[in-house]
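Written below as structure tokens is the structure these notes are about.
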Amino acid sequence: MKQKMQYIQTLKQTLKLNQKLLKSLDFLTDNIDDINKVIQDILETNPFLELKSSKNYDNQQFIESISNKRSLKDDLYYQLYAYTHPYNEDVMTYLIESLDDSGFLSYPLDQYMSDLHIDQDMLDAHLDILRSFEPNGVGASDAIDSILIQLKIKLKPIHYLEIIKMSS
2 MKQKMQYIQT LKQTLKLNQK LLKSLDFLTD NIDDINKVIQ DILETNPFLE LKSSKNYDNQ
62 QFIESISNKR SLKDDLYYQL YAYTHPYNED VMTYLIESLD DSGFLSYPLD QYMSDLHIDQ
122 DMLDAHLDIL RSFEPNGVGA SDAIDSILIQ LKIKLKPIHY LEIIKMSS
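Quick note on numbering: the sequence shown equals residues 2 to 169 in my numbering.
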């Protein structure tokens with residue numbers, strides 16, 4: 002007769018609610034008036050508690066505050082304020098405000114230089130800052146320039162140069 006030893010391990014997950022936890026969940030079935038009454042009773046019996054009124058939002062205001070999406074320009078300003086290197090705030094503001102809804106530059110580069118009274122190097126430096134922000138490709142002059150900016154960010158510089166040479 003052969004004897005065989007076998008070990009079987011089982012894992013079972015159970016949730017047991019004790020009386021205290023069950024009682025604390027009872028308030029979920031109450032309506033808002035009953036909950037307010039319980040809160041008021043607790044506030045009256047405990048002198049160390051006080052009710053602070055928060056902003057009174059009705060449901061519509063709350064839903065609107067959740068659904069308000071930031072614009073592209075808002076996102077760029079948030080990133081600009083978090084940017085730690087030196088930059089000319091007037092130049093960056095002008096560049097961000099001149100972007101169209103798709104994030105492309107609205108004017109030719111020479112117009113930016115004449116409007117802002119800056120040279121090509123300063124414009125290029127500030128465009129590099131703008132183009133380093135999310136979404137990738139923002140601050141491009143057209144769709145092809147946007148793709149090249151995205152490739153420059155995503156790929157290693159060697160591959161980027163190879164792509165430019167191939168497109169020439």
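All residues carry an ideal CB built from backbone N, CA and C; glycine is no exception.
Please give me, in chain order, every unbroken run of the alpha helix (DSSP H) with length at least 4 that falls completely inside the region 62-118.
73-83, 90-98 and 110-117
Within its chain, find whatever has a CB closer than 6 Å to the CB of L106; leave out the 5 residues flanking it on each side and keep chain order.
Counted from its first residue, the sequence shown places residue 106 at position 105. Same-chain partners within the cutoff: S142.
Bridge partners of A141, per DSSP?
Locating residue 141 in the sequence shown gives position 140, where the first residue counts as 1. Partner(s): F105.
Please classify F222: is it buried, with 16 or more other beta-carbons within 10 angstroms of its beta-carbon, or exposed?
Because the chain spans 2 through 169 in this model, residue 222 falls outside it and cannot be assessed.
For T15, the first and last residue of its enclosing alpha helix (DSSP H)
Numbered from 1 along the sequence shown, position 14 holds the residue referred to as residue 15. Per DSSP, T15 belongs to no alpha helix (DSSP H) and is neither H nor E.
What is the C-beta distance between K74 and I97, in whole angstroms, given that I count them as a contact (C-beta under 8 Å)?
Numbered from its first residue, the sequence shown carries residue 74 at position 73. Numbered from its first residue, the sequence shown carries residue 97 at position 96. Sure, about 6 Å apart at Cβ, within 8 Å.
Segment contact flag, the region 126-133 with the region 77-92, C-beta cutoff 8 Å, min 3 pairs:
The region 126-133 vs the region 77-92: in contact.
Is the beta carbon of S36 less than 8 Å from the beta carbon of F49?
Here the question's residue 36 lines up with position 35 in the sequence shown. Here the question's residue 49 lines up with position 48 in the sequence shown. Note that residue 36 is Ile in the sequence shown, not Ser. Not closer than 8 Å, so no.
Quick check on L44: buried or exposed, where buried means 16 or more other Cβ atoms within 10 Å of its Cβ?
Looking up residue 44 in the sequence shown gives position 43. Burial call: exposed.
So, helix, strand or coil for N47, using DSSP?
The residue you call residue 47 lines up with position 46 of the sequence shown. Under the three-state reduction of DSSP output, N47 falls in the coil class, being neither helix nor strand.
May I have the straight-line CA-CA distance separating G140 from K153, to the nearest angstrom?
Counting from one through the sequence shown, the residue named residue 140 turns up at place 139. Counting from one through the sequence shown, the residue named residue 153 turns up at place 152. One C-alpha to the other measures close to 14 Å.
Rounded to a whole number of angstroms, what is the C-alpha to C-alpha distance between L131 and N137?
If you number the sequence shown from 1, residue 131 lands on position 130. If you number the sequence shown from 1, residue 137 lands on position 136. So the two alpha carbons sit approximately 10 Å from each other.
Does S147 pass the burial test, meaning 16 or more other C-beta atoms within 10 Å, or should it be called exposed?
Here residue 147 refers to the residue found at position 146 of the sequence shown. Burial call: buried.
Which of helix, strand or coil does DSSP assign to M123?
Here residue 123 corresponds to residue number 122 of the sequence shown, with the count starting at 1. Reduced to three states, the DSSP call for M123 is helix.
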